[in-house]
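These notes are about the structure you will find just below.
Chains as they are written, first to last, in this note's numbering: chain A, 1 to 609; chain B, 1001 to 1498.
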């Protein structure tokens, strides 16, 4: 069966190793015009980050879910090199400032990406550690192969979830009947999809997470090629249906840097950057990450030279992408736009390994669309890369997206009932943004299938809420990326408390397992109990000063004034939780011995550093 | 900038009858309506006055011959399509044309202020400009008109807008440091630079705020309280100043019980005079309340004119051999008046103290008027004049002799009054525009308070929170509150590339 499916070897091996359930993988016979006797609650189209989260979330709700992807092997295809050119491949990392918040929130709703990252991360680092805990950015470099393998394993073993490799040709749309209420905008209702071979599969709701497939174009020098499924009749069918339904479409562009062979890099000339000694996992369910700190890899920093700038400026005429009118992201500019906008000075380039078992290195910050031979010339003018071999050139991609003001906060489209959009199709960029929308679309598609009210995270509850509210009310003119500066309630929407903010809400909607819910409630109880304990324990300033001396803290408290509680002294950045073990009788043993709890209490006390 | 969906209309000039009346409509249906009621197939040239007959859309009857103007959006007052009908100002004409517009499909009578609200929503005016427009329409004196016109033209708005842009930059640089410093080439020094700009901005706002409420005074009118002992002639003075018998005048002491107000245009400045009950110790409950009110009014006013019956000075003049003695006695007499007021006002000492401090900081002006100089003998007048000269020149008092009966000294008194009032209001045409509303002051003070909480010694995110709050307050004055522009600055100023 594996052979017929054309599954990659590692997946067959993987399946062999799996224990327990049989993977819910079905082979599509390809009979034309066949109506599938199966009826699904939810169909998810597209197996990228948004699609995987959506399908998994719907399945967690217990809804009969079908995930349709181009090829099984392209599940989370964006983590690999583009071969079909269908999806943009960005850098091999997950999280970051603002994005790490999203991953934590997806995890708090029992999403999959955080747990998979913890298994496949090869370099973990918490960014912004010197700033307040509200803006700590959990980030990890990910081994692409491991990530894909673990994600496939997860998806193929999820109960209620069926995966099929079949491109979608079109949607099945019915007219809205009066019983659906009178809506000025909504005239159609989505009842399923039509596959490439003409077979109809019926469902209560459909989630489209097809990324940049709509009229995608690849730019390389002056060469413009259709990307992905442009020209494919099926994709055109879906695009045409959406167009006919009256959706407004916008156009965006983005780019990717070249990859180089790591064995040809002169690392001696470069600054090494190591991950954290104690990697912080993304998932609230994990105490530590899978790959040991000593087995993790380091990244290297270099920068562009004046010569690179000269090559770029002299060859503007050979660069179609940068001359386009289409909006690219301001925060992910190509090296060309950096040179043109901010001058020919050294621009930072991070060299990030793509995995443990590959020599391929990603040049973060060096997105470029010059003709390949000029790209190579540029690379050779970067310190440490004088002899480097380019394994693949960078390129630009231009694509259509659906104006996200046409979707509701549930991510259901306003025009077609039962149809949901999630991910890049809504004008976002980034895995985390895609995953965040995916989980919300999946939950809501599942809820709608059983006529339940939508699950909405608002701006006061999470970055997910900020993301979706921004998109659905403001729309976007550039690929939308999450920043902490976008949130009004930044101080309370922290990565450390995502579980307290969202897990119970998710549990009530049905997308969170009993196990996680119990764990969160347990933590909530421990936090409030111990904070009460700390607040109730009061000593004079002189007594606290003695304790501070015992643990060699650098400050001394003013000798006068009222008594201080243990919680009060914790607010000082110099008073480490470990100092509490010096308190006579050791009443705070429970806090000192639990690192996670100790860290969280310190943050609640007003200082996390 | 979202254009409106609904089309509205209203009479924009005063209620007739008058020579002309202006009826205005705004919204997407304007072009159709204009064609419909003028029975023309095409629109007039934009912003060109044309002669058009106006017909009822129902009966087709001719309603009036009018001048019509067509302002296609966005270059119109509201930013939407606008048309104006300049019709004859008879009541029946106005009614007929309004009815005709009301009969057009999808046309709605405008709410009060709706045209201006649209201009604000469509970004044609900011909030201070809207306020300036309101003030201009309401302006009663020349200087009020000047100040309002300046504000409506956007001078105050652009001052606040400049500050806001500076603060947006500060916020953006701190936010950029938070969101991008780890990965990108952003130096920590940008935060220090931001703090420097913040200090400068803080200073500008403080200077702007310490303006003795000039603009607000000019907008709301300068409050002048007339106080003094019973029968000193306070009510007569009020009647002379407002040129009408606003207050009842009798020879009976204690005629005025309540505060009597009268608004006067004093050399282009708006002034609100308050005549008050005569101040004396009394057991009459009604009069006591009157004295209490007089005292309160004196404390809250921008200026106090104390009227003294010059004839009561006669015994003093007789008994004082030296000018100095007379001055001392006079000051003692005024002091008694003050003490009576303090006693009568059931205000506790503490409150009285703080009120006095407040009036000090807002530089309350004071003036003494010797009334009934006509009753004095020639010698007494001479002595009084010497006393006044001494007090004016050497002690900096504003003091003046006057007679309500003969109007002697009125010109001198009015000149002195005008000088003081113009000092209180400032020249609305010079210097930075003044803040004109308590609302501006409140938000600027809250903005400063938030700025001063930025310490940079612990969690930068908390400092950023204070900065965001400061920005919100500044934005509320002009009505601009957006997050996206912070990002605009970040990406303009820094090379962010992931």
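Note that the Cβ used here is the ideal one computed from N, Cα and C, for glycine as well.
According to the DSSP assignment, residue 93 of chain A belongs to no alpha helix (DSSP H) but to the beta strand (DSSP E) extending over 93-95. Annotation note: the region 1138-1206 of chain B contains the following uninterrupted alpha helix (DSSP H) runs of length 4 or greater, listed N- to C-terminal: 1142-1152, 1155-1180. Within chain A, 131, 132, 134, 135, 490, 491 have C-beta atoms less than 7 angstroms from the C-beta of residue 1461 of chain B, given in sequence order. Listed in chain order, the beta strand (DSSP E) runs fully inside the region 1372-1448 of chain B are 1399-1401, counting runs of at least 3 residues.
Note that the region 475-489 of chain A does not touch the region 106-125 of chain A; fewer than 3 beta-carbon pairs, one per stretch, sit closer than 8 angstroms.
Residue 1129 of chain B is classed as buried because its beta carbon has at least 16 other beta carbons within 10 Å across all chains shown. In this structure, the CA atom of residue 1453 of chain B is about 7 angstroms from the CA atom of residue 1466 of chain B.
Residue 377 of chain A carries a helical assignment under DSSP once its states are collapsed to helix, strand and coil. Flagged as an interface residue toward chain B: residue 98 of chain A, by a C-beta distance shorter than 8 angstroms.
Put simply, the backbone Cα of residue 379 of chain A is about 6 angstroms away from that of residue 385 of chain A. For residue 119 of chain A, the uninterrupted alpha helix (DSSP H) run begins and ends at 113-120, by DSSP. Within the same chain, Cβ atoms closer than 7 angstroms to the Cβ of residue 404 of chain A are found at 426, 427, 471, 472, 475, 476, the five residues on either side in sequence being excluded. Beta bridge pairing from DSSP links residue 503 of chain A with no other residue. Residue range 217-220 is occupied by the beta strand (DSSP E) that includes residue 217 of chain A. Of all residues in the region 462-486 of chain A, those with a C-beta nearer than 8 angstroms to a C-beta of chain B are 474, 483, 484, 485, 486, reading in chain order.
Under the three-state reduction of DSSP, residue 537 of chain A is assigned to coil, being neither helix nor strand. For residue 1168 of chain B, the closest Cβ of chain A is not nearer than 8 angstroms. For residue 1334 of chain B, none of the residues of chain A pass the 8 angstroms Cβ criterion, the least Cβ distance being about 49 angstroms.
If you draw a straight line from the Cα of residue 1201 of chain B to the Cα of residue 1136 of chain B, it is about 30 angstroms long. Take residue 106 of chain A, set aside five residues on each side of it, and the residues of its chain with a beta-carbon closer than 7 angstroms to its own are 53, 113, 114, 435, 436, 439, in chain order. In terms of CA proximity to residue 256 of chain A, A/363 leads the group A/209, A/363, A/166, A/444. Contact residues of the region 116-131 of chain A toward chain B are 127, 128, 131 (C-beta to C-beta distance below 8 angstroms). Taking 8 angstroms as the cut-off, the beta carbon of residue 1215 of chain B is found no closer than this to the beta carbon of residue 1429 of chain B. Put simply, the CB of residue 573 of chain A is near chain B, with a gap under 8 angstroms to one of its CB atoms. The three-state reading of DSSP puts residue 1466 of chain B in helix, counting H, G and I together. In the structure shown, residue 285 of chain A falls within a coil segment according to DSSP collapsed to helix, strand and coil. Membership of residue 246 of chain A in any beta strand (DSSP E) is not indicated, and neither H nor E is assigned to it by DSSP. Residue 1368 of chain B counts as buried, since at least 16 other C-beta atoms from the protein chains shown sit within 10 angstroms of its C-beta.
The criterion of a C-beta distance shorter than 8 angstroms is not satisfied by residue 1006 of chain B and residue 1489 of chain B. Under the Cβ distance rule, residue 1005 of chain B does not count among the residues neighbouring chain A, no pair being separated by less than 8 angstroms. Cβ-Cβ distances below 6 angstroms link residue 306 of chain A to 344 in the same chain, with the five nearest sequence neighbours on each side left out; the list follows chain order. Of the candidates B/1461, B/1431, B/1478, B/1447, B/1431 places its Cα closest to the Cα of residue 1211 of chain B. In this structure residue 1008 of chain B is buried. Its beta-carbon is surrounded by 16 or more other beta-carbon atoms within 10 angstroms.
Between residue 95 of chain A and residue 144 of chain A, the C-beta spacing is not below 8 angstroms. Proximity of the region 274-293 of chain A to the region 396-414 of chain A falls short of the contact definition, fewer than three beta-carbon pairs being nearer than 8 angstroms. Residue 1222 of chain B is positioned such that its CB atom lies closer than 8 angstroms to that of residue 1272 of chain B.
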